[in-house]
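*Asks:* Counting from 1, position 179 in the sequence shown corresponds to residue 179 in UniProt numbering; the numbering is continuous, with no gaps.
In this text, a Cβ means the ideal position worked out from N, Cα and C, and glycines have one as well.
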Amino acid sequence: MDEQDNTDDLNIATVCATVNSGFEHLATQECIEKLGSSSSSRTLKKFRGRIIFELPVQDIEKATQLRSVDNLSVVLNHIKDVDLHQEKEKVVDELCQKILEMNWKLALDTWRHFTKSELCLDPLPGKLSSSKPAPHQDMETESEVNTKDKSDDSPGEVPLGEEVTAERPTFRVTCTRTGEKHDFSSRDVAPAVGSLINEAFGWPVKMKDYDIEVVVNILEDSTLVSISLTKESLHRRNITHFGITTLKSTIAYCMLRLAQPKPGEIIMDPMCGVGGIPLEGLIDWKSCYVVSGDMNDVAVERTKANLDSLAERRREKHIERPDIENDVLKWDVTNLPLKSSSVDVFVTDLPFGKRLGNRKNNWSLYHKCLEEMARVCRPGIGRAVLLTQDKKCMVQTLQRCHHIWRKKTVTFINHGGLKACVYLLQRAKVKNVRNKKDEQEDGGDVDEDEGMDEGDDDIEEQGEMEST
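1) In this structure, what does DSSP give as the bridge partners for Arg-406?
2) Three-state secondary structure (DSSP) at Tyr-366?
3) Note down, in chain order, each residue of its chain lying with its Cβ closer than 6 Å to the Cβ of Lys-354, except the 5 sequence neighbours on either side.
4) Look at the alpha carbon of Trp-405 and the alpha carbon of Gln-426, and state the distance between them as a whole number of angstroms.
5) Rounding to the nearest angstrom, what Cα-Cα distance links Val-91 and His-182 in this structure?
6) Where do the ends of the beta strand (DSSP E) carrying Glu-213 lie?
7) Pick helix, strand or coil for Gly-36, following the three-state DSSP scheme.
8) Please return the same chain residues whose Cβ sits closer than 6 Å to the Cβ of Arg-257, not counting the five positions on each side in sequence.
9) Pull up the DSSP beta-bridge partners for Met-268, would you.
10) Are the CB atoms of Pro-261 and Cys-288 nearer to each other than 8 Å?
11) Report all residues from its chain with a CB closer than 6 Å to the CB of His-113; omit the five preceding and five following residues, and keep chain order.
12) Can you give the Cα-Cα distance for Asp-221 and Cys-16, rounded to whole angstroms?
13) Check whether the Cβ atoms of Ile-239 and Val-274 lie closer than 8 Å to each other.
14) What is the DSSP secondary structure of Phe-201, counted as helix, strand or coil?
15) Would you identify the three-state DSSP class for Leu-119, choosing helix, strand or coil?
16) If you compare alpha carbons, which of Thr-409, Ile-413, Ile-197, Leu-282 is closest to Pro-263?
17) Considering only their Cβ atoms, is the gap separating Ile-324 from Leu-307 smaller than 8 Å?
18) Return the chain-ordered list of same chain residues with a C-beta closer than 8 Å to the C-beta of Ser-226, the five sequence neighbours on each side being excluded.
19) Using the Cβ count rule (16 or more neighbours within 10 Å means buried), how would you classify Asp-327?
20) Sort Cys-421, Lys-208, Leu-336, Lys-105 by Cα distance to Met-268 and report the nearest one.
21) Applying the criterion that 16 or more other CB atoms from any shown protein chain within 10 Å of the CB defines a buried residue, is Gly-417 buried or exposed?
22) Please report how far the alpha carbon of Ser-340 lies from the alpha carbon of Asn-11, in whole angstroms.
23) For Ala-305, which residues from the same chain have a beta carbon less than 8 Å from its beta carbon, with the 5 sequence-adjacent residues on both sides left out?
24) From the DSSP secondary-structure annotation, give me the bridge partner or partners of Asp-59.
25) What's the C-alpha gap between Asn-20 and His-415?
26) Which same chain residues end up closer than 6 Å to Glu-94 when comparing Cβ atoms and leaving out the 5 residues on each side of it in sequence?
27) Quick check on Phe-114: does DSSP put it in helix, strand or coil?
28) Where does the unbroken beta strand (DSSP E) through Arg-383 begin, and where does it stop?
29) Could you check which residue in His-403, Leu-386, Cys-272 has the C-alpha nearest to that of Phe-412?
30) Rounded to the nearest angstrom, what separates Asp-248 and Met-207 at their Cα positions?
31) For the putative contact between Ser-233 and Asn-71, defined by C-beta atoms under 8 Å, what is the C-beta separation to the nearest angstrom?
32) Quick test of your reading: His-403 and Val-430, contact by CB under 8 Å. State the CB separation rounded to the nearest angstrom.
33) Identify whether Arg-50 lies in helix, strand or coil by the three-state DSSP scheme.
34) Given a cut-off of 8 Å, decide if Leu-66 and Glu-24 are closer than it, judged by their beta-carbon atoms.
35) Does DSSP classify Leu-84 as helix, strand or coil?
The structure is reproduced here in structure tokens:
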């Protein structure tokens, strides 16, 4: 994307969607699939933790159809020609100067269309006479920051300024920075940009319950400036009853998408927690049958409560067939009450051993879990998508289970500040699994060479951890 986008259609907005680091490729696929007729695929770009695409302003609400993204914003400018490794004062002045050249009208029209706001946004300024803070404004930041830090991802926000008026929108500026060779922090940029906007528009500053949020994302060598469209993350869409370690809906969706469920297949989450994965499966893969369970009574009840809550919201929106058909059972994942070769896809969030369970028990649990899932999963075509932070345990377990599971991809993601991995496994063609049930059903020992496929050891590693 160029510094200032040029397009013949002045009603085309550039949208930035944040994504869990590591899942950018899945978000890109979903964007093309769901917004293909509206979005401009030639301008769709991937950055670490975000994707950028174009939509007509009148179709901007279609962006909420994306279930892999967390937050949406309309891009004002992607600044690439400011040297971010200069002295602090020079960088801040040049960034402020670039703000004068942005297409504020298009961005604010997009924001108004998305939020249905009736606040007065006119008149819009052409250019500012100065990029320096207005003399009457005290632009101290909300809290102090250690400017010696090499990388600063904490938000820099503009504090309270003038009194709030009913006629004009209130605003704040949030700045984040990623990089190691900058001579400034995010809180050096936010007050200067906030003062500039205050002088240009006359908008009062408000830290909480604001109307407009201007976001300045400072990357290693460029700066992305945008206006937030969503006030809270889209991952909060389904869960109303939370647990100790509730999986984000956006991560659950990406895990399901990684499994590529086909119509008529059975999807199972044997450790469902509060039901994040089955909820996403029921919403987006309606042609599949979703089964879930957990050994914890509280988890089972919370999953049922979340399913009931979703059904109620669907009835309020008069959605056809609002009731959710899903079986939620209490069981032990190492001893599932299911027939062999009866499930097509397993998708689950394994215990990390941090806030839930412990790493010592993981060594036994992971091995028993993979053996039991292999028994229930259909040989040759079954898949499993497993999320874990205990990579060492998972690597050792897969080595022990190499005759029944083939590792296809490993996606590294940032999961609540933890470095986690999502494994995509393919069920091997071998039918026998080393446990008592299979010895009774099939008899004999397992032939570890049976069903071996050439090239199964090729592993594709995807994703990149976000810098901290």
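*Replies:* Here's the rundown:
1) In the DSSP assignment, Arg-406 is bridged to Gln-426.
2) Three-state DSSP puts Tyr-366 in a helix.
3) Model confidence at Lys-354 stands at a pLDDT of 47, short of 50, so the residue's coordinates are unreliable and nothing is read from them.
4) Approximately 6 Å between the Cα atoms of the pair.
5) Counting only the Cα atoms, His-182 lies some 10 Å from Val-91.
6) Where Glu-213 is concerned, the enclosing beta strand (DSSP E) stretches over 212 to 218.
7) Note: Gly-36 maps to coil in three-state DSSP.
8) Answer for Arg-257: Leu-26, listed in chain order.
9) Note: Met-268 sits in a beta bridge opposite Val-291, Phe-346.
10) Cβ atoms of Pro-261 and Cys-288: closer than 8 Å.
11) Around His-113: Val-57, Ile-60.
12) Answer to the nearest angstrom: the Cα atoms are 18 Å apart.
13) In this structure, Val-274 lies closer than 8 Å to Ile-239 by Cβ.
14) Under the three-state reduction of DSSP output, Phe-201 falls in the helix class.
15) Here Leu-119 sits in coil by DSSP.
16) Ranking Thr-409, Ile-413, Ile-197, Leu-282 by Cα distance to Pro-263 puts Leu-282 first.
17) Between Leu-307 and Ile-324, the C-beta gap is smaller than 8 Å, which places the two residues in contact.
18) Same-chain partners within the cutoff: Cys-16, Ser-73, Val-74, Val-75, Leu-76, Ala-107, Val-214, Val-215, Asn-217.
19) Result: exposed.
20) Answer by Cα proximity: Leu-336.
21) Counting Cβ neighbours within 10 Å, Gly-417 comes out exposed, since fewer than 16 surround it.
22) If you take the alpha carbons of Ser-340 and Asn-11, they lie about 56 Å apart.
23) Only residues of its own chain outside the window of five on either side were considered, and among them Thr-240, His-241 have a CB closer than 8 Å to the CB of Ala-305, listed in chain order.
24) Its beta-bridge partners do not exist; DSSP assigns none.
25) Approximately 8 Å between the Cα atoms of the pair.
26) The residues Val-82, in chain order, have a CB closer than 6 Å to that of Glu-94 in the same chain once the five nearest residues on each side in sequence are set aside.
27) Helix at Phe-114.
28) From DSSP, the beta strand (DSSP E) with Arg-383 extends over 383 to 388.
29) The residue with the shortest Cα to Cα distance from Phe-412 is Leu-386.
30) Going by the sequence as given, residue 248 is Lys instead of Asp. The straight-line gap from Cα to Cα measures roughly 26 Å.
31) That pair is a contact at about 6 Å.
32) In this structure, His-403 and Val-430 form a Cβ contact; the two beta carbons are roughly 6 Å apart against a cut-off of 8 Å.
33) The three-state reading of DSSP puts Arg-50 in strand, counting E and B together.
34) With a cutoff of 8 Å on beta-carbon distance, Glu-24 and Leu-66 are scored as not near each other.
35) The DSSP-derived three-state label of Leu-84 is coil.
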